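Below is one structure; the comments refer to it alone.
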Amino acid sequence: MKKVWITGADGHVGTALLNLLDCTEYQILTTDIDAVDITDIDEVTQYVRVNRPDVIINCAGMTNVAKCEEDVDMAYKVNAIGVRNIALAAEELHARVIQMSTDDVFDQESRIPYNEFDQVHPKTIYGKSKLAGERFLTQLSHRFVIIRSSWIYGIGKDFVDEVLTNVGKIKEMEVPNNQFGVPTSTKELAKIIQYFIDNDEYGLYHAVCKGSCSRYEYAKAILEFSGNADKMEIHPIISRDAMRPSYSVLDNMMLRLTGIEEPKEWKEALKEYLEETGGIE
Numbered sequence: 169m170k171k172v173w174i175t176g177a178d179g180h181v182g183t184a185l186l187n188l189l190d191c192t193e194y195q196i197l198t199t200d201i202d203a204v205d206i207t208d209i210d211e212v213t214q215y216v217r218v219n220r221p222d223v224i225i226n227c228a229g230m231t232n233v234a235k236c237e238e239d240v241d242m243a244y245k246v247n248a249i250g251v252r253n254i255a256l257a258a259e260e261l262h263a264r265v266i267q268m269s270t271d272d273v274f275d276q277e278s279r280i281p282y283n284e285f286d287q288v289h290p291k292t293i294y295g296k297s298k299l300a301g302e303r304f305l306t307q308l309s310h311r312f313v314i315i316r317s318s319w320i321y322g323i324g325k326d327f328v329d330e331v332l333t334n335v336g337k338i339k340e341m342e343v344p345n346n347q348f349g350v351p352t353s354t355k356e357l358a359k360i361i362q363y364f365i366d367n368d369e370y371g372l373y374h375a376v377c378k379g380s381c382s383r384y385e386y387a388k389a390i391l392e393f394s395g396n397a398d399k400m401e402i403h404p405i406i407s408r409d410a411m412r413p414s415y416s417v418l419d420n421m422m423l424r425l426t427g428i429e430e431p432k433e434w435k436e437a438l439k440e441y442l443e444e445t446g447g448i449e
């Protein structure tokens, strides 16, 4: 039975993993910042030495883009130094590290989906700090998987939750139609992570649902699939927010090249999520 340590277990991806992984097949260890602060090398090292995990899934991170810009030191402390600490502790035990990363490592200026071989060039502190974490891991660990994803939704606060929360409160909602990405269900993402827990595959992978859409199309789909299309109007606008990428579509090239099953098409996954969580009337 593999021992799996999930950091940041209270977040979107951690929650999805706990719903997916069978406790009779894995010994699951879960922590959040109150239990283990990944920015503290002593805490991380002590936890790893005592519990001796086979796999460490690092879901912890500072993901608020605006807050990363406001507190640059903290962004790098969590998203880069935290990964370094995990990599060092894992290497001591020859444990595998699965690191969650982001589409923000790209400059968002392409109009062709980014694959794992494309040049990275982050513009935000969030993207720069996550890339620094990726680099620490590749430099310090011999057994790692880096998974980049985008527009993740699941149990908790996210864009799906924002749209559904507005239903009944406001009659109209303005959503950018010049931001393009791939809505990705944490349930689908958790399946990819489970594959890497069970199989000796290593390296950098993109993992997003199939297809792509604008933020406006995404909002319209949420209302349609939840049965709320007639309860709130979605109006397209042009966003000029420099912190939000205009194009962040990822291509799952490495999944295809290595024969790993890709996540479902984004609309299918969204419908399934809304059905399972009671979002559909």
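In this note's numbering, the protein residues as written are 169 to 449.
Quick reminder that beta carbons are idealized off the backbone N, C-alpha and C, glycines included.
Remember, predicted model here, so these are calculated numbers, not experimental data.
Of all the alpha helix (DSSP H) runs that stay within the bounds of the segment 314–375, which reach a length of 4 or more residues? If we require 4 residues or more, the alpha helix (DSSP H) runs fully inside the segment 314–375 come out as 327–334, 354–366.
Taking C-beta to C-beta, are E238 and Y373 nearer than 8 Å? As a first step, residue 238 must be located in the sequence shown, where it is residue number 70. As a first step, residue 373 must be located in the sequence shown, where it is residue number 205. The answer is no: Cβ separation not under 8 Å.
Name, in chain order, the residues that DSSP records as bridge partners for H403. Taking the sequence shown and counting its residues from 1, one reaches residue 403 at position 235. H403 is bridged by DSSP to E342.
Closest to G371 by C-alpha separation, out of S416, T306, P404, would be which residue? Here residue 371 is taken as the residue at index 203 of the sequence shown, counted from 1. Per the Cα distances, T306.
E342 versus P404 - alpha carbon distance: Taking the sequence shown and counting its residues from 1, the one referred to as residue 342 is at position 174. Taking the sequence shown and counting its residues from 1, the one referred to as residue 404 is at position 236. Rounded to the nearest angstrom, the two C-alpha atoms are 6 Å apart.
I think V181 touches I320, with their Cβ atoms under 8 Å apart; what is that distance to the nearest whole Å? Working through the sequence shown from its first residue, we reach residue 181 at position 13. Working through the sequence shown from its first residue, we reach residue 320 at position 152. Contact flag correct, Cβ pair sits at about 7 Å.
Three Cβ pairs or more, each shorter than 8 Å: is that satisfied between the segment 332–347 and the segment 187–201? With the cut-off at 8 Å, the segment 332–347 and the segment 187–201 do not touch.
Rounded to whole angstroms, what's the CA-CA distance from P431 to K439? Just pull it up for me. Your numbering for residue 431 matches position 263 in the sequence shown. Your numbering for residue 439 matches position 271 in the sequence shown. Our two residues, P431 and K439, have alpha carbons roughly 14 Å apart in a direct line.
Assumed close pair L188, I225 - CB separation to whole angstroms, cut-off 8 Å: Locating residue 188 in the sequence shown gives position 20, counting from the first residue. Locating residue 225 in the sequence shown gives position 57, counting from the first residue. Actually they do not touch by this definition, with Cβ atoms about 12 Å apart.
Collapsed DSSP secondary structure at S297 in the structure displayed: Translated into the one-based positions of the sequence shown, residue 297 becomes position 129. If DSSP states are grouped into helix, strand and coil, S297 belongs with the helices.
Under a three-way DSSP split, which group does E277 fall into? Residue numbering aside, residue 277 sits at position 109 when the sequence shown is read from its first letter. Residue state, collapsed to three classes: coil.
Pull up the distance between the alpha-carbon of V417 and that of K291, whole angstroms please. Residue numbering aside, residue 417 sits at position 249 when the sequence shown is read from its first letter. Residue numbering aside, residue 291 sits at position 123 when the sequence shown is read from its first letter. Cα to Cα, the separation comes out at about 16 Å.
Could you check the C-alpha separation between F393 and L442 for me, to the nearest Å? Residue 393 sits at position 225 when you count from the first residue of the sequence shown. Residue 442 sits at position 274 when you count from the first residue of the sequence shown. Looking at the two C-alpha atoms, the distance is approximately 7 Å.
Close beta carbons around A397, own chain, < 7 Å, minus the five adjacent residues each side: Reading the sequence shown from its first residue, position 229 is the one you call residue 397. Counting only Cβ-Cβ distances below 7 Å, and skipping sequence neighbours, we find L391.
How about K399 and V331: are their beta carbons less than 8 Å apart? Sequence index remark: in the sequence shown, residue 399 carries index 231 (1-based). Sequence index remark: in the sequence shown, residue 331 carries index 163 (1-based). Judged by their CB atoms, K399 and V331 are not nearer to each other than the 8 Å cut-off.
When DSSP labels each residue in this structure, what does M268 get in the three-state scheme? On the sequence shown, position 100 is the one that residue 268 refers to. M268 sits in a strand when the DSSP states are folded into three classes.
DSSP three-state call for E259: helix, strand or coil? Mapped onto the sequence shown, residue 259 falls at position 91. Of the three classes helix, strand and coil, the one that applies to E259 here is helix, per DSSP.
I405: beta carbon under 7 Å from a heavy atom of the ligand FAD? By its list of ligands, the structure shown contains no ligand whatsoever, and the ligand FAD lies outside what it can speak to.
Own chain partners of S309 with C-beta closer than 8 Å, once the 5 adjacent residues on each side are dropped: As a position in the sequence shown, residue 309 is number 141, starting the count at 1. The answer, listed in chain order, is A255, A258, E259, V265.
Can you give the Cα-Cα distance for D205 and I315, rounded to whole angstroms? The residue given as residue 205 occupies position 37 in the sequence shown. The residue given as residue 315 occupies position 147 in the sequence shown. Spanning the two alpha carbons is a distance of roughly 22 Å.
Runs of alpha helix (DSSP H) lying entirely within the segment 196–232, each at least 4 residues, in chain order: Counting whole runs of 4 or more residues, the segment 196–232 contains the alpha helix (DSSP H) stretches 209–219.
Out of T270, R383, Q347, V216, point me to the one whose CA is closest to K171's CA. Walking along the sequence shown from the start, residue 171 turns up at place 3. Residue V216 is the option with its Cα nearest to K171.
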